[in-house]
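For the sequence shown, this note's numbering puts the final residue at 106, and the numbers step up evenly by one.
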Amino acid sequence: MILRLWRGWTTAELANSYEEILNTDVAPGILARNLDGLRSFDVWRRRPAEQTGEHEFLTAMVFDDMAAIERFAGGPTQSYVPPQARAVLTRFDPHSQHYDLRQRHR
C-alpha cells in the first residue's frame, strides 16, 4: 500500500470555504470515479501557523500501488488541484509525496 500526501494553504478568511470545497466537491468527485486501487481519502486541517496565519490542509490518500496513483493523477507525483480549489488557495504542493507501508502496528 502507498500513502499519498499533498498539502495546500489558504488564508483564515478562506479556510472554511476551502474545506467545504474539499469535502463537498473535490473528495466526492474523486470517489465518484470509483478508482480501482483507491482505498481511502482523508482530509486534515492544521491550526494556523503563528508566523503567517495560513491554514494548512493535508489530503491523505491510500492506494494499492503506483499504477493506481497514475490512473488517478496522470503521473506518479503530479498533484491534482481543480480550478475551484486553486481559486482559494494561496499556495500548494505541485507534487505529492508517497510513502510505502512497511509495517502496521495495532
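Just so you know, even glycine gets a beta-carbon here, dropped at the ideal spot from N, CA and C.
Computed from a predicted model, the values in this text were never measured in an experiment.
- The three-state reading of DSSP puts residue 60 in strand, counting E and B together.
- A straight line joining the alpha-carbon of residue 91 with that of residue 39 spans about 27 Å.
- In this structure, the beta-carbon distance from residue 43 to residue 82 does not fall below 8 Å.
- In the three-state reduction of the DSSP assignment, residue 78 falls in the strand class.
- In this structure, the CA atom of residue 10 is about 21 Å from the CA atom of residue 29.
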